[in-house]
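If you read the sequences in order, they're chains C and H. Just so you know, we're using the numbering used here here: the first sequence kicks off at 1 and counts up by one. Just so you know, we're using the numbering used here here: the second sequence kicks off at 1 and counts up by one. The structure appears below as structure tokens.
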Amino acid sequence: KQEVTQIPAALSVPEGENLVLNCSFTDSAIYNLQWFRQDPGKGLTSLLLIQSSQREQTSGRLNASLDKSSGRSTLYIAASQPGDSATYLCAATGTASKLTFGTGTRLQVTL
Amino acid sequence: EPEVTQTPSHQVTQMGQEVILRCVPISNHLYFYWYRQILGQKVEFLVSFYNNEISEKSEIFDDQFSVERPDGSNFTLKIRSTKLEDSAMYFCASIKGLAGPRGGELFFGEGSRLTVL
Chain C
1 KQEVTQIPAA LSVPEGENLV LNCSFTDSAI YNLQWFRQDP GKGLTSLLLI
51 QSSQREQTSG RLNASLDKSS GRSTLYIAAS QPGDSATYLC AATGTASKLT
101 FGTGTRLQVT L
Chain H
1 EPEVTQTPSH QVTQMGQEVI LRCVPISNHL YFYWYRQILG QKVEFLVSFY
51 NNEISEKSEI FDDQFSVERP DGSNFTLKIR STKLEDSAMY FCASIKGLAG
101 PRGGELFFGE GSRLTVL
């Protein structure tokens, strides 16, 4: 059974810092890994999708990497802004089509 | 930009009542999903739906739950007799899925918050 873990659970950084969020998964037989952003009481906004054959994806200030063999993915946020404050979730798609979600990292970017 | 829309945004119901949550997936998408998130917990898979039938369901999705695509646009989740533990945010999602359900990006709605009293 796939288990997805995210560390840290919470992170507070000053504006302008670069930061890395970590995601690990126990079953390396994944089809893809997706990173989402969730604002309090809101839905999930897709940020990046990495296919199992890819090593990384970039969108603006965001860069996500995937290392299937070690069961890890990272989300790198460059030059963080207060508007980046949210919970970031990773989710892996396995042999079934469902996503298995991590517990999330709650990010606070301070002025 | 096309989006998944859900109604209602919040519903309060009494234990034992039936609830129907509605979703309009993105129009050219083929695979549809319901997930839920109990406050403070992980987002959990409930059910996937393709070609007018359930393709997969979790152990949470028991006989009290059902899904339907009554027309070409709506996708509904029905809870027959709600329990206190059904209180959660319910998310609908869809994927284009031209190459199957695992190849692409999953798009989520804003969620329907269900409170069972």
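Glycine included, each C-beta is placed from N, C-alpha and C at the ideal position.
Which residue wins for smallest C-alpha separation from residue i, given the options the options?
i	options	result
residue 41 (chain C)	H:45, H:89 and H:96	H:89
residue 30 (chain C)	C:16, C:109, C:58 and C:98	C:98
residue 10 (chain C)	C:4, C:21, C:94 and C:3	C:21
residue 62 (chain C)	C:77, C:38 and C:56	C:77
residue 7 (chain C)	C:75, C:79 and C:100	C:75
residue 79 (chain C)	C:2, C:1 and C:16	C:16
residue 102 (chain H)	H:60, H:32 and H:109	H:32
residue 54 (chain C)	C:84, C:34 and C:110	C:34
residue 84 (chain H)	H:6, H:40 and H:17	H:17
residue 14 (chain C)	C:82, C:37 and C:50	C:82
residue 37 (chain H)	H:60, H:52 and H:15	H:60
residue 6 (chain H)	H:68, H:74, H:106 and H:105	H:74
Beta-carbon of residue i versus every beta-carbon of chain H: anything under 9 Å?
i	result
residue 98 (chain C)	yes
residue 9 (chain C)	no
residue 91 (chain C)	yes
residue 18 (chain C)	no
Inspect the beta-carbon positions of residue i and residue j and report whether they are closer than 9 Å.
i	j	result
residue 90 (chain C)	residue 71 (chain C)	no
residue 76 (chain H)	residue 30 (chain H)	no
residue 93 (chain C)	residue 32 (chain C)	yes
residue 42 (chain H)	residue 104 (chain C)	yes
residue 110 (chain C)	residue 39 (chain C)	no
residue 51 (chain C)	residue 85 (chain C)	no
Hey, does residue i have any beta-carbon neighbour from chain C nearer than 9 Å?
i	result
residue 43 (chain H)	yes
residue 61 (chain H)	no
residue 113 (chain H)	yes
residue 109 (chain H)	yes
residue 88 (chain H)	no
residue 38 (chain H)	no
residue 53 (chain H)	no
residue 26 (chain H)	no
residue 91 (chain H)	yes
Just to confirm my understanding: we take residue i, look at its own chain, exclude 5 residues before and 5 after, and list those with CB closer than 6 Å. What are they?
i	result
residue 24 (chain C)	5, 71 and 72
residue 45 (chain H)	35 and 58
Quick one: residues in its chain with C-beta nearer than 7 Å to the C-beta of residue i, no 5 flanking neighbours on either side, listed in chain order?
i	result
residue 55 (chain H)	48 and 49
residue 64 (chain H)	79, 80 and 81
residue 2 (chain C)	25, 26, 27, 92, 94 and 100
residue 45 (chain C)	36 and 37
Using the beta-carbon of each residue, which ones in chain D are nearer than 9 Å to residue i?
i	result
residue 49 (chain C)	The question asks about chain D, but that chain is absent: this structure's protein chains are C and H.
Within its chain, find whatever has a CB closer than 8 Å to the CB of residue i; leave out the 5 residues flanking it on each side and keep chain order.
i	result
residue 13 (chain H)	19, 82, 114, 115, 116 and 117
residue 59 (chain C)	47 and 48
residue 9 (chain H)	110, 111, 112 and 113
How about the segment 103 to 117 of chain H and the segment 71 to 90 of chain H: do they share at least three Cβ pairs that are nearer than 8 Å? By the Cβ rule, the segment 103 to 117 of chain H counts as touching the segment 71 to 90 of chain H, because three or more pairs are nearer than 8 Å.
* Asked: Touching or not, the segment 62 to 71 of chain C and the segment 26 to 42 of chain H, by the rule of three or more beta carbon pairs under 8 Å?
  -> Touching, no.
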